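Heads up: the protein sequence lines correspond to chains Y and C, in order.
If you count the first sequence from 1, you need to add 525 to reach our numbering.
If you count the second sequence from 1, you need to add 3 to reach our numbering.
Virtual Cβ for every residue (Gly too), placed ideally from N, Cα, C.
It should be emphasised that the depicted structure is a prediction, and the values quoted were computed from it without experimental measurement.
Inspection log for the structure reproduced underneath, given as structure tokens.
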Amino acid sequence: MMKNKKTYLLTMIVTCLVIGFASYFAWKIEFFEYTSGLENITGGPISYIIALLPFLVISILSAAGITLCIYIRKYYIKKDYVAGKFCEERAGRRTGRRIGGRQADKFTLIRWVSMISSTILLIFGARMFGTWFSSIDLPVLSCAIDGEQLGESGCYYLTHLSDLFTLPWKEIIMFLLSLFGFLLLFGRIFCGFVCPMGLLQDIVHSIRQGLGIEGISLNEKLYQGLKPVKWFLVIVFLCLCFVGGNFCNFCPAVSLTPAFAGFKVSLFVSGFIMVMVIVGSFFKRRFWCTICPMGYLMGLVYKITPFRLKKDCQSCTECGACYEACPMGIKSIYTERENEDVTTTDCIMCGECIKKCPENNALSLKFAGKDLYKASRKSFMFGYKEMEKKNEHK
Amino acid sequence: MSINKQNQNLSQVEQRQRERFISKSTKVAAKYLRRMEELPGAPDEIKPYFEVLRNIYVEQMNIPETNGKKAIGTYCVMVPQELIYAAGAIPVKLCSGSYTAFSIGDDVVPRDACPLVKAVVGFQTMGTMPIYRDCALMVVPVTCDCKKKIAGMLGEMVPTFSLHVPSSKSEDEDMEQFVLELYQLIKVLEQATGQKVTYESLIEGMEQVAYAQYEFSRFLEYRRQTPALIKGTHVMAMMNAYSYMPVEKWSSQLKRLNARLEQNKKNKLYAAKENQPRIMITGSPVIFPNIKLPLLIEEMGGSLIGDETCMGERMLYDPVAVVDESFDGLIRAIANRYTRPCTCPTFVDNTQRIYRIKQMIKDQKVQGVIYHVLRGCLVYDYEYQVLEEELGKIGIPVIRVESDYNEEDIEQLRIRIEAFIEMIKLGGNKNGR
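Below you can see the structure in the form of structure tokens.
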């Protein structure tokens with residue numbers, strides 16, 4: 526089965542590449558310049574739908590890719606001596622029955638609300654509130670507003686470093702101040718709470734959970750394999766502007782928020798990558814975040830941000846639930862026994878580890894020493910209370 | 004009735020041996036049950052658990068209320084109960100504490116084997132206990148040398164599956180391996196019961212066990228009260244009864260017990276006095292009827308408020324954390340729960356057990372630890388040194404108590420435990436606690 530796993534992983538990657546490549550031809554459907562402006566939307570709902578066409582094409586291609594991957598995997602599982610017997614069960618949920626005991630907690634709710642509202646703001650914000658905040662740089666993609674240089678996003682100037690120094694010094698200072706101000710205050714909490722790419726990936730992940738389709742189980746080796754990709758992307762992200770072109774030509778996010786804001790965007794390479802991001806994050810939660818160059822750069826300041834993930838090393842039972850739950854695959858969170866601070870450069874502060882932790886106060890998210898969210902056995906077990914009635918019927 | 008037929012074929016001597024075995028083992032079990040019941044402070048809600056132990060060990064009955072479900076014999080804490088319920092069967096924990104069976108097994112297995120294994124082999128060769136006789140399948144995790152060898156011995160008598168537990172769990176591959184092992188186990192279970200494990204039945208099984216763990220986590224909250232609301236010996240009986248009860252029966256009874264403890268807490272009806280030394284047991288399992296150690300502790304004036312043993316809290320403490328809701332994800336979650344947090348000394352690196360014990364000492368305000376070692380239980384004996392050193396640093400006294408499955412050492416144990424409890428009492432006064 527281990528061997529099969531490798532085979533189907535490889536096949537899935539190839540499938541993704543082929544389907545992604547198909548999106549190369551999507552530019553024929555709609556190929557407008559990225560900077561065509563906000564007024565496109567005034568053309569009524571039809572022009573908005575046209576603007577969304579590239580995203581629809583990406584969605585359809587991703588759905589096709591996901592289905593293909595599932596079938597390929599099923600084929601390999603079927604061939605397996607032991608697991609072949611369970612291939613029907615493993616293919617997904619057939620009834621609506623879901624396991625009880627799922628926690629509904631405030632923190633997760635706040636995170637979802639925050640992600641959805643920030644996505645809406647990043648898409649329609651300029652139109653809703655005007656452009657008074659135009660010189661604030663959020664350290665996340667906000668190209669939808671940025672298209673008309675209404676508000677600037679941190680990643681725009683990081684990918685256009687060659688342009689940055691041609692700006693008036695006031696703007697350079699404003700850029701540095703607001704970017705680093707946000708970074709030092711929030712760190713990668715932007716990834717978990719604000720980023721629209723994060724929202725998209727979380728939605729795709731929830732769809733998989735709802736369907737009961739298995740993902741790619743976590744593996745350290747897999748993360749090791751993704752590291753060179755991340756390094757490569759970081760280099761491209763920062764340096765491409767010096768040799769011509771820029772990262773925005775590849776950035777998968779370009780086909781997300783700008784399209785929803787009504788810009789007519791080309792699919793080209795960014796669409797190609799977007800398909801892979803969606804297929805990848807369907808099987809592996811927050812797949813893009815593990816290789817996102819902007820996220821990596823934001824994570825560099827993790828040592829001084831006031832948001833900290835703390836661990837009570839004594840009460841931890843090393844059950845590994847946090848490691849299983851972590852979308853970023855941070856292993857040190859469950860092996861750590863010395864250091865109380867388990868914040869790492871990869872941590873996106875999504876709180877999934879705390880949600881799945883059954884030990885009182887073993888994990889907690891703190892802001893400048895104050896508890897925002899902490900693990901509790903009571904709230905972990907409370908989900909199972911609903912089984913009480915079922916048990917009485919027997 | 005096939006038993007009678009079998010009996011007729013046996014020679015006269017064997018039959019007499021068998022009858023003597025039954026009468027002797029039931030007498031010992033009845034004696035320890037009586038001693039437990041005589042220990043004051045047992046709430047009425049704990050009595051059904053005594054009743055279960057009586058039915059199994061004294062009345063020589065099989066598990067009641069099975070509704071035609073097959074019984075699957077399991078050993079150790081690493082056999083996922085969820086999977087057995089999902090396959091439409093009932094798990095029975097067969098690790099045994101019987102003195103009489105021990106003396107039979109003593110002649111069969113090597114002298115240095117642990118008494119637990121000797122007792123199991125004793126019951127299996129005598130074939131008088133219905134719970135051992137009527138198992139459709141035995142699942143034996145390979146956790147120590149003795150368990151490995153009885154897996155082979157049992158395999159000659161009954162269908163047996165040996166579950167390979169990874170010896171270390173830090174690498175992802177180890178977990179991967181155990182997941183595969185569980186798939187194999189499901190396959191064997193399906194063959195034994197004739198029922199398919201489906202996504203729905205797996206959820207059903209998981210929810211049943213999870214509910215028991217929910218009630219148990221509430222129970223632990225009550226157990227942490229000072230002074231204790233319930234006697235530790237009675238808790239031991241309750242945990243032992245879990246081995247022989249369908250989980251839904253066990254948990255609904257525990258719900259009633261929890262309600263009673265809540266009342267007792269309000270009315271300040273404690274099972275121990277304010278200044279009684281708070282003792283914790285760790286090490287080899289305390290299995291009925293070998294319940295002499297907890298009995299001695301509480302008869303000598305100690306208050307047994309916690310245990311870190313595989314027939315106690317470890318059995319139900321760690322919940323399954325479902326992260327991925329697919330069938331494979333559920334199996335992975337189960338595999339995780341049964342190995343990673345498990346503090347069994349079979350694992351190569353088991354420092355987490357020290358942390359666990361320290362945390363329990365903190366949570367339950369333990370004043371002294373009794374380290375129970377069954378003779379020949381090497382893996383537990385190995386870990387005593389480190390634990391003694393670590394607990395010495397935080398000023399918690401530990402004694403190592405070695406015992407066997409007989410009553411010869413009972414007086415010696417009594418003296419040692421009495422001295423230990425006295426020492427804690429005196430030490431407590433000195434520190435003004």
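| Asked | Found |
| --- | --- |
| Proximity to Val389/C [Cα-Cα], best of Asn261/C, Leu307/C, Val401/C and Tyr245/C | Val401/C |
| Beta-carbon proximity check, Thr830/Y vs Gly679/Y, cutoff 9 Å | no |
| Contact with chain Y by Gln355/C, beta-carbon distance below 9 Å | yes |
| Neighbourhood of Pro230/C by C-beta distance below 8 Å, restricted to the same chain and skipping five residues each side | Tyr273, Ala274, Ala275, Lys276, Glu277, Gln279 and Ser306 |
| Presumed contact (8 Å Cβ cut-off) between Tyr358/C and Gln839/Y, rounded CB distance | 5 Å |
| Phe632/Y versus Val719/Y: straight-line alpha-carbon distance, rounded | 14 Å |
| Exposure label - Met653/Y; buried when at least 16 CB within 10 Å | exposed |
| Span separating the alpha-carbon of Val182/C from that of Ala608/Y | 10 Å |
| Sheet register partners of Asp896/Y (DSSP bridge) | Lys891/Y |
| Distance, Glu174/C Cα to Thr592/Y Cα | 31 Å |
| Euclidean distance between Cα positions of Met699/Y and Pro693/Y | 10 Å |
| N-terminal and C-terminal residue of the beta strand (DSSP E) that Glu184/C is part of | Taken as a continuous stretch (DSSP letters only), Glu184/C belongs to no beta strand (DSSP E), being part of the alpha helix (DSSP H) at Asp175 to Thr196. |
| Per DSSP, the bridge partner or partners of Lys914/Y | DSSP, once it has assigned bridges, lists no residue as partnering Lys914/Y. |
| Nearest-angstrom Cα separation, counted from Ile87/C out to Asn70/C | 15 Å |
| Residues that Phe164/C bridges to, as DSSP identifies them | Val142/C |
| Where the beta strand (DSSP E) through Glu85/C begins and ends | Looking at the DSSP string, Glu85/C is not in any beta strand (DSSP E); the run it does join, the alpha helix (DSSP H), is Gln84 to Ala89. |
| Contacting positions in the stretch 356 to 368 of chain C - beta carbon closer than 7 Å to chain Y | Tyr358, Arg359, Lys361 and Gln362 |
| First through last residue of the alpha helix (DSSP H) which encompasses Phe715/Y | Ile714 to Phe718 |
| Below-9 Å beta-carbon distance, Gly545/Y vs any chain C residue | no |
| CA-to-CA distance, Val61/C to Lys30/C, given in whole angstroms | 7 Å |
| CA-to-CA distance, Gly845/Y to Gly672/Y, given in whole angstroms | Unreliable positioning characterises Gly672/Y in this predicted model, as indicated by a pLDDT of 48, which lies under 50. A coordinate reading is not provided. |
| C-alpha gap between Ser99/C and Lys268/C, whole angstroms | 34 Å |
| Inter-stretch contact at 8 Å, needing at least 3 Cβ pairs: the stretch 231 to 249 of chain C / the stretch 294 to 311 of chain C | yes |
| Beta-carbon contacts of Ile544/Y that lie in its chain and below 7 Å, excluding the five residues immediately before and after | Leu586, Ala589, Gly590 and Val800 |
| Gly562/Y - DSSP class collapsed to helix/strand/coil | The predicted model places Gly562/Y with a pLDDT of 47, which falls under 50 and marks its position as unreliable; any figure quoted below should be read in that light. In the structure shown, Gly562/Y sits in coil (DSSP, three-state: anything other than H, G, I, E or B). |
| Closest Cα partner of Leu724/Y within the set Ile641/Y, Leu686/Y, Phe690/Y and Ile648/Y | Ile641/Y |
| Where the alpha helix (DSSP H) through Pro118/C begins and ends | Pro118 to Met129 |
| Cβ separation of Val729/Y and Ser639/Y, assumed to be a contact under 8 Å, to the nearest whole Å | Val729/Y to Ser639/Y, Cβ: 18 Å. No contact. |
| Identified DSSP bridge partners for Leu834/Y | Leu890/Y |
| 9 Å Cβ cutoff met for Ile624/Y and Ile206/C | yes |
| Closer than 9 Å to chain Y by CB, Pro344/C | yes |
| Any chain Y beta carbon closer than 9 Å to Glu174/C | yes |
| Simplified DSSP assignment, three categories, for Met156/C | helix |
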